[in-house]
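All remarks here apply to the structure that follows.
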């Protein structure tokens with residue numbers, strides 16, 4: 001492969017045991033394989049409960065996969081333990097969705113930002129205070145915030161602290177798990193710009209999870225679409241928004257509200273609800289709601305195949321559509 | 001915190017009353033030798049069973065011991081036993097419950113079933129059994145009270161930890177590479193203890209009552225010791241002499257009520273939903 005793969009997931013599966021007796025196994029992520037290229041932003045979109053956050057957490061080993069492997073720079077990190085796992089933590093970090101839940105309410109900003117260095121025993125080897133100030137400037141905050149508690153900060157400020165904490169150990173890849181969804185629209189734009197700036201300045205790679213298609217379109221180089229634990233389509237951002245091959249992607253994109261644009265397309269309404277992930281439909285998981293479903297879809301499960309260079313689709317009809 | 005404490009005193013009369021009552025008994029216990037007019041264990045059979053008078057404010061018991069002096073000194077045992085029981089049981093239960101809740105899975109299951117085994121006994125009977133088997137003295141009584149009390153803290157702590165550990169700052173600490181113990185001590189426990197603190201304050205009153213109950217039943221401290229519960233049980237033999245059981249009973253009652261008032265006030269102070277008002 002010519003591209004520089006930073007992180008690779010191979011047939012990743014994450015199952016949860018359902019609540020109570022007799023409940024089935026919830027297949028939150030069911031056989032996802034993808035490559036994250038160095039320096040790119042890979043966006044992941046999908047409905048709530050489709051497994052995108054679980055996928056992000058699993059890539060960072062915050063959630064244990066039941067099967068599959070994760071490679072970071074060619075090294076299998078899915079079985080790491082102890083000191084090796086701790087070392088790996090420095091290279092992959094996460095920015096969370098809820099700015100008010102991602103900071104310990106009983107600690108000051110200074111203590112929160114000191115934590116990464118304390119965990120890795122770096123307090124004696126470097127000027128941590130100087131580094132903390134540097135981090136704050138990096139995310140566009142002033143030093144006077146250091147003695148504040150999280151509840152004294154605004155949502156945007158908290159999210160910036162969360163970003164600063166994630167960047168403290170100079171990671172190579174950052175998972176942004178709905179990083180701007182909880183913010184006001186104006187603050188969202190600021191934080192997105194900040195993330196973009198940081199990416200260029202620090203040569204970061206983002207795995208950007210969101211349900212907001214406009215946000216993903218704005219920041220991503222490539223976009224993956226998930227449905228019920230499966231990756232159904234993966235393509236270049238421009239490519240995907242121009243020509244989507246999977247009927248689910250089409251329905252998803254038709255739901256994006258547009259202001260003013262005259263070329264507003266027909267809104268595709270999907271019937272029914274997302275099926276129970278503990279009891280997914282046979283064959284293609286989307287066939288129960290797919291407007292184009294045929295007999296084949298009910299029986300055999302489509303695999304992710306490359307329909308054109310760099311454009312992967314898991315749909316039986318994808319070949320015919322093009 | 002200082003500011004909100006001041007506001008709490010102003011706005012919550014019961015909390016203030018509780019603090020005053022508890023302070024009164026603590027000071028009385030600390031300065032007992034200066035306050036008490038008589039030696040609490042000195043017997044004077046010439047003045048036995050005397051009603052309250054100018055010489056003996058709370059009267060005397062069947063051995064001629066001065067009840068006022070005994071009540072003042074008695075605070076030392078009751079307060080000491082109540083506080084220490086709550087501190088030890090609270091610390092043990094908090095740690096136990098935090099580990100069970102944080103680790104989860106079969107560890108949680110085994111740990112909680114163990115604590116439920118203790119809770120399934122009526123607490124008073126279990127304490128009596130422990131006391132009888134081990135021999136009754138102040139230390140063993142407190143030991144029995146701790147054994148009976150800690151599962152309550154463990155259960156409360158576990159349920160709080162179960163929700164606190166889902167917070168994103170816990171995930172963040174783990175993502176940074178923090179080990180289980182570090183996450184537990186720095187992130188989970190500090191954000192879970194407030195409800196345990198509330199329970200502990202209220203529990204001081206209960207433990208004093210339990211301790212007095214055991215003494216009343218003849219378990220706990222040995223006879224000449226001026227202990228409130230035992231003094232009440234002395235009064236049973238002389239039922240028509242109200243002062244023998246009445247004054248130590250009043251002491252137990254006020255102490256328990258004071259501790260409960262403080263517990264209620266603490267809940268108002270630490271409950272984040274109510275905190276905005278302060």
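Residue numbers (my numbering), protein chains in the order written: chain A, 1 to 322; chain B, 1 to 278.
Where is the CB? At the ideal position from N, CA and C, for every residue including glycine.
* Using the Cα positions of residue 129 of chain A and residue 151 of chain B, report the straight-line distance between them to the nearest angstrom. => 43 Å
* At a Cβ threshold of 8 Å, is residue 94 of chain A touching chain B? -> yes
* Asked: Whose CA, out of A:313, A:103, A:281, A:174, lies closest to the CA of residue 161 of chain A?
  -> A:103
* Can you pull the chain B residues whose beta carbon is under 7 Å from the beta carbon of residue 333 of chain A, in chain order? => Outside the shown range of chain A, which is 1 to 322, sits residue 333 of chain A, and nothing can be said about it.
* To do: Check each candidate in A:106, A:267, A:243, A:277 and name the one with the smallest Cα separation from residue 364 of chain A.
  => The shown model of chain A, from 1 to 322, leaves out residue 364 of chain A, and the question about it has no answer.
* **Residue burial classification, residue 188 of chain A (beta-carbon count within 10 angstroms, cutoff 16)** => buried
* To do: Please list the partners that residue 184 of chain B has in chain A, where partner means a Cβ-to-Cβ separation under 8 Å.
  => In chain order: nothing, as chain A lies at least about 13 Å away.
* **Chain-ordered neighbours of residue 191 of chain B on chain A, where CB pairs are closer than 9 Å** => 104, 105, 106
* Asked: Taking 8 Å as the CB-CB limit, is residue 62 of chain A close to chain B?
  -> yes
* Asked: Is the Cβ of residue 18 of chain B closer than 8 Å to any Cβ of chain A?
  -> no
* Beta-carbon proximity of residue 175 of chain B to residue 60 of chain A, cut-off 8 Å -> yes
* **Closest by C-alpha distance to residue 163 of chain A, when choosing among A:217, A:98, A:76, A:148** => A:98
* Asked: Which residues of chain B have a Cβ atom closer than 8 Å to the Cβ of residue 89 of chain A, listed in chain order?
  -> 175, 176, 177
* Asked: Comparing the C-beta of residue 325 of chain A with each C-beta of chain B, is any distance below 8 Å?
  -> No statement about residue 325 of chain A is possible, as the shown extent of chain A runs from 1 to 322 and does not include it.
* Asked: Counting along the chain, where does the beta strand (DSSP E) carrying residue 36 of chain A start and finish?
  -> 25-37
* To do: Per DSSP, which residues does residue 233 of chain A bridge with? Please list them.
  => A:225, A:313
* Asked: Quick one: what's got a C-beta closer than 8 Å to residue 63 of chain A's C-beta in the same chain, skipping five residues either side?
  -> 14, 54, 57
* Is the segment 30-39 of chain A in contact with the segment 186-205 of chain A, if contact means three or more CB pairs nearer than 8 Å? -> yes
* **C-beta neighbour in chain B for residue 257 of chain A, strict 8 Å** => no
* Asked: Along chain B, in chain order, which residues have C-beta atoms closer than 9 Å to that of residue 120 of chain A?
  -> 176, 177
* Asked: Would DSSP call residue 38 of chain B helix, strand or coil?
  -> coil
* Per DSSP, the bridge partner or partners of residue 12 of chain A -> A:32
* To do: Kindly say whether residue 73 of chain A, judged by its beta-carbon, lies nearer than 8 Å to any beta-carbon of chain B.
  => no
* To do: Inspect the CB distances between the segment 172-179 of chain A and the segment 79-96 of chain A and report whether three or more fall short of 8 Å.
  => yes
* Contact list for residue 98 of chain A against chain B, beta-carbon separation under 7 Å -> 168
* residue 165 of chain A versus chain B: which residues are under 9 Å apart at the beta carbon? -> 172, 176
* Rounded separation between residue 270 of chain A and residue 255 of chain A - CA only -> 10 Å
* Measuring CB to CB, does residue 87 of chain B end up less than 8 Å from residue 123 of chain B? -> no
* **Cα-Cα separation between residue 144 of chain B and residue 106 of chain B, rounded to whole angstroms** => 28 Å
* For residue 199 of chain A, the three-state DSSP class (helix, strand or coil) -> helix
* Close beta carbons around residue 305 of chain A, own chain, < 7 Å, minus the five adjacent residues each side -> 312, 313
* **Backbone CA spacing between residue 300 of chain A and residue 31 of chain A [nearest angstrom]** => 15 Å
* To do: Kindly indicate which residue of B:75, B:56, B:43 has the alpha-carbon position closest to the one of residue 64 of chain B.
  => B:43
* Asked: Does the beta carbon of residue 187 of chain B sit closer than 8 Å to a beta carbon anywhere in chain A?
  -> yes
* Does the separation of the CB atoms of residue 267 of chain B and residue 198 of chain B fall below 8 Å? -> yes
* Following the continuous beta strand (DSSP E) through residue 68 of chain A, name the residue where it begins and the one where it ends. => 67-72
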